[in-house]
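Visitor: Have a look at the structure that comes next, please.
Numbering (full-length UniProt numbering), first residue to last: 1 to 217.
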């Protein structure tokens, strides 16, 4: 722990003093790696068994303000006690950091999920309203298709509603109504984007609405 790396010019003892940074994924992984390295040093709880927690905290604080050069100048007992106390305390602190960073990462994921869900809801709400308008337009053409047609006059025109001559109304057959309704419905659907486009929009909205509520939480 007290050996200084010639490349980084840092020792493992100095690395244990690094503080937690922003809860980004890379920093979180670095903190996890540091915790694994600390736990691999040894069973510090067993080493310090019987030592009062206050003493351990005091030794850890002393080690924290002591650099590697000064640590080499102290006696052998302190060279063991101070780092052991510091490692034990550092492990607790790093575990707390890992939990805190994990909670922050999950909270950030949940926030993005809620924002994405609200955006989806808004988009599908608008699409649902558009489909309802199209459905209303389709329904409105059905009465028009069922309206009896005015019989033609002798000159090929139609008799005006306010004409003196009686208006001859031809009762439409079921086939006539069906054919006329079909033409009007298809025309309405084409004006609203076409059958394929409307079918895709309906499928997307229906699939969204049928999702279990718990899946979006």
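Just so you know, even glycine gets a beta-carbon here, dropped at the ideal spot from N, CA and C.
Per the DSSP calculation, residue 11 is bridged to which residue(s)?
Guide: Numbered from 1 along the chain shown, position 11 holds the residue referred to as residue 11. Note: residue 11 sits in a beta bridge opposite 4.
Visitor: Which runs of the alpha helix (DSSP H) fall wholly inside the region 49-112 and span at least 4 residues, in chain order?
Guide: Complete alpha helix (DSSP H) runs here, min 4: 53-64, 68-71.
Visitor: Using the rule of at least 16 other Cβ atoms within 10 Å of the residue's Cβ for burial, across every protein chain shown, is residue 36 buried or exposed?
Guide: By one-based count along the chain shown, residue 36 stands at place 36. Looking at its Cβ environment, which holds fewer than 16 other Cβ atoms inside 10 Å, residue 36 is exposed.
Visitor: Just verifying my parser: in three-state terms, what is the DSSP assignment at residue 20?
Guide: What you label residue 20 is simply residue 20 of the chain shown in a count that begins at 1. If DSSP states are grouped into helix, strand and coil, residue 20 belongs with coil.
Visitor: If you drop the 5 nearest sequence neighbours on each side, which residues of the same chain put their C-beta closer than 8 Å to that of residue 18?
Guide: For the purposes of this step, residue 18 is identified with residue 18 of the chain shown, where counting begins at 1. So the qualifying residues of the chain are 34.
Visitor: Using the C-alpha atoms, what's the distance from residue 113 back to residue 48?
Guide: Position 48 of the chain shown, counted from the start, is the residue given in the question as residue 48. Position 113 of the chain shown, counted from the start, is the residue given in the question as residue 113. Their Cα atoms are separated by approximately 45 Å.
Visitor: Is residue 146 near the ligand ADP, in the sense that its beta carbon is under 7 Å from a heavy atom of that ligand?
Guide: Absence of the ligand ADP from the depicted structure is noted, as is the absence of any ligand whatsoever, leaving it without description.
Visitor: Using the rule of at least 16 other Cβ atoms within 10 Å of the residue's Cβ for burial, across every protein chain shown, is residue 82 buried or exposed?
Guide: One-based indexing of the chain shown puts residue 82 at position 82. Buried, by the Cβ-count rule.
Visitor: What is the DSSP secondary structure of residue 197, reduced to helix, strand or coil?
Guide: By one-based count along the chain shown, residue 197 stands at place 197. Here residue 197 sits in helix by DSSP.
Visitor: So, does the region 87-103 touch the region 71-78, judging by three or more C-beta pairs under 8 Å?
Guide: The region 87-103 is not in contact with the region 71-78.
Visitor: How about residue 198 and residue 206: do their beta carbons lie closer than 8 Å?
Guide: As a position in the chain shown, residue 198 is number 198, starting the count at 1. As a position in the chain shown, residue 206 is number 206, starting the count at 1. Going by C-beta atoms, residue 198 is not nearer than 8 Å to residue 206.
Visitor: Between the beta-carbon of residue 58 and the beta-carbon of residue 86, is there less than 8 Å?
Guide: Sequence index remark: in the chain shown, residue 58 carries index 58 (1-based). Sequence index remark: in the chain shown, residue 86 carries index 86 (1-based). Cβ distance not < 8 Å, so residue 58 and residue 86 don't count as in contact.
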